[in-house]
Each structure stands twice: as C-alpha cells, then as structure tokens.
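Shown next as structure tokens:
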C-alpha cells in the first residue's frame, strides 16, 4: 500500500520508467494525475480508493516496478445494483509475477470493502481514463485516449480475467468527401426547423453552452454501460480545462425551438504538442506546448450526441456533416480524424460512422473478474 509521500512520488514517477523507450507514449500532465488523489477531488465525496506500488527488494534504494489503484465508486454501485469495485492507474514492468501481485492486492482490498466483482482498467470512473489497448499499438493515442504495452492485456488474461466489453477507435481520413446523404441530411434537418451553430468559447456564452451540454449528455447517455453521473460542478470544471483548446469549427451544436438537442464534440489533437512537454506545464513546458501545437494536423471526435426523438430529423448525420466540413475548410490543418471511443455493441453509432467512411484501427478492452 502507498502510505508515505515518498511512495506516492514513486507511484507518480513510474510511467516515465515504463515508457522510457516507447515512441508512442504521451506523458500525462503530472499535476493533473496528482490532484486525483487529493482530499478535495470530487471523487472523495462518493468513493474511496487505495493506491499500491510494487517495489524492488533493494533495501537501500527500492525501485518502483508496478502500481495499481483499487477504488469503490458508490455511484456505480447504485447505478448497476451490484458491488462492483474498480482497478485503474495500472502500470507494470514486463514481469507477470509483479502484475499478478498488483492485481491480487487490488482484488483483496476490494473484497474487504464488500465488493463481489472487480472491473477495469478504469481510473475511478469512465470519465477519466479507462481501457487497455489490445490492438493498434503502432501509433500514438490521440488526446484523452489511453496507451499501454502489449503485455498488459496478455498479463491480465493470463491471470484469469475475462473480457467485459470492447470499444473501437475509427480512423477517418479527410481527403475524401462524405457521402451525399450527409449533406442531404443537413438540408432536411434545417427544413425541419433545426438550427445549427458553433459552440461559444468565451465568457458567459461558454458556460451556458457547457451547462446545456451537461444536461443533454445526461439525458442522451443515461444508460451507458459502467458510466456514472457527474455533478454539474464536476462537469463545468472539466469543461473549463478544455475551454482553451476547443475549435468551434469542429464543435457544432443543434438547437430546436431554442433548446440544445444535439452536438458534435471534436477536439484538436493536443497530444501532439503534449508529447514534447514531458508531463510538466511549467514556463518551459508552456513555451514548448505553444511552439509544437503548430504541428497539429489531426483531431478526435469524442461524442456525436442527439436526443432520440430528433434522429428522424436527421440531426446526427447533419452534425457529422457540419463537423467534418468545419475540419476541412480552407485554413484548417486537419488531415484525418479519429472517432473514439465506440462500444462494440453500440450498433447505431457504428453504422453511422462506417457509413461516413470510418474504419476501425484500434481496439480497447475492459476486463472483469469475480471476487
């Protein structure tokens, strides 16, 4: 168990050791990870966690070999009606015995908490980071997507875990026009009385749009698997962290009679400059970030959201049309987009993305095990 500040530092420093020679890993902002373990982080209001770190047997200078966090998310338990515990923040050297010891430690702690099933990797909730990458290791992740060595899923499956659910990332080149049906859908939606506009990115307008997106998201994704509701304050805090990187041209909003009824959330791939920051946004890190962000040439589509009753008005297709058109207009740098992540059993979204020309190029997995 992590019980001292020194052990906590070893916990935070471990990923840099694991991925030291991996050209595809993007170091996360260290301060952002550290704050998730503070007493004022929102998770502490409805959950509890325990950090573990595996250390070498060098008495004088023990080195970190692996880490894991076991968590009880009470909102998830209430939502699913089962005592499901979570593991996350998993990192490990290529040694199965170390990985098995970490997974066993997390499982034992959760069993003591009364959990009957463990699921992961999920870093406290699916609104943070989740999944092991199981296919598509030959390219770096886009913004807010995970990456891991190929031996992570090999180790967990060797330990007897079962697949809970897969999710896909779709590759979407922007050098070909969308099928004509998408432009037609936009015309139909407009004739049906739907209005479209870009998200507002400044001041009170941004906050109003963020609040509307929060309520729309909760309505549209109320039954998403393994997802837990966030408070409005939590959502606004996360939105403000993204405010400065939003490109309104790839973030169209749909409204009907003044009410937001859909949105297309695209973000520039800020992992490209973050790769050069080395996890630290100090003055030097900020300068590097500003310099290398000029290299951004791709974006990630995180959500295509529409209330079900407006799908017949072609709102989802119209949003895809506007978001993609916004990305290829003159002066934009985007050459490709990634649409991620999409659960394997989300057939309506998959059908829509594949009709638009998207191809699966990465597969992610969440695992489960009875305790």
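In our numbering, the protein residues as written are 306 to 676.
Built from N, CA and C at the ideal position, the CB exists for glycine as well.
Since we're looking at a predicted model, the values are computed, not measured.
Residue 578 places its beta carbon less than 7 Å from that of residue 597. With a minimum length of 4 residues, the unbroken runs of alpha helix (DSSP H) contained wholly in the segment 426-466 fall at 456-463. Beta-bridge partners of residue 397 (DSSP): 371.
Annotation for residue 569: 557, 609, 624, 628 place their beta carbon closer than 6 Å to its own, counting only its chain and skipping 5 residues before and after. When C-beta atoms of the segment 471-482 are compared with those of the segment 665-674, three or more pairs fall below 8 Å, so the two segments count as touching. Between residue 469 and residue 411, the C-beta gap is not smaller than 7 Å, which leaves the two residues out of contact.
Counted as a single uninterrupted DSSP element, the alpha helix (DSSP H) harbouring residue 622 occupies residues 620-633.
When the alpha-carbon of residue 637 is set against those of 648, 603, 644, 650, the nearest one is in 603.
In the structure shown, the three-state DSSP call for residue 478 is strand. Rounded to whole angstroms, residue 472 and residue 647 show a C-alpha spacing of 5 Å. The beta carbon of residue 382 sits closer than 7 Å to those of 388, 389, all from its chain and outside the five residues before and after it, given in chain order.
CA-CA distance, residue 400 to residue 406, rounds to 10 Å.
Distance from residue 605 to residue 654 at the Cβ level is roughly 15 Å; contact not present, criterion being Cβ atoms closer than 8 Å. Rounded to the nearest whole angstrom, the CA to CA distance from residue 361 to residue 671 is 28 Å.
Residue pairing from DSSP places residue 664 in a beta bridge opposite 476.
When the alpha-carbon of residue 377 is set against those of 427, 335, 359, the nearest one is in 427.
With respect to residue 448, residue 327 sits apart: the two C-beta atoms are not nearer than 7 Å. Taking a cut-off of 8 Å on C-beta distances, the segment 578-590 does not touch the segment 514-527, as fewer than three cross pairs fall below it. Burial is judged here by how many other beta carbons sit within 10 angstroms of a residue's own beta carbon; residue 652 has fewer than 16 and is exposed. The beta carbon of residue 324 sits closer than 7 Å to the beta carbons of 330 from its chain, once the five residues preceding and following it are set aside; these are given in chain order.
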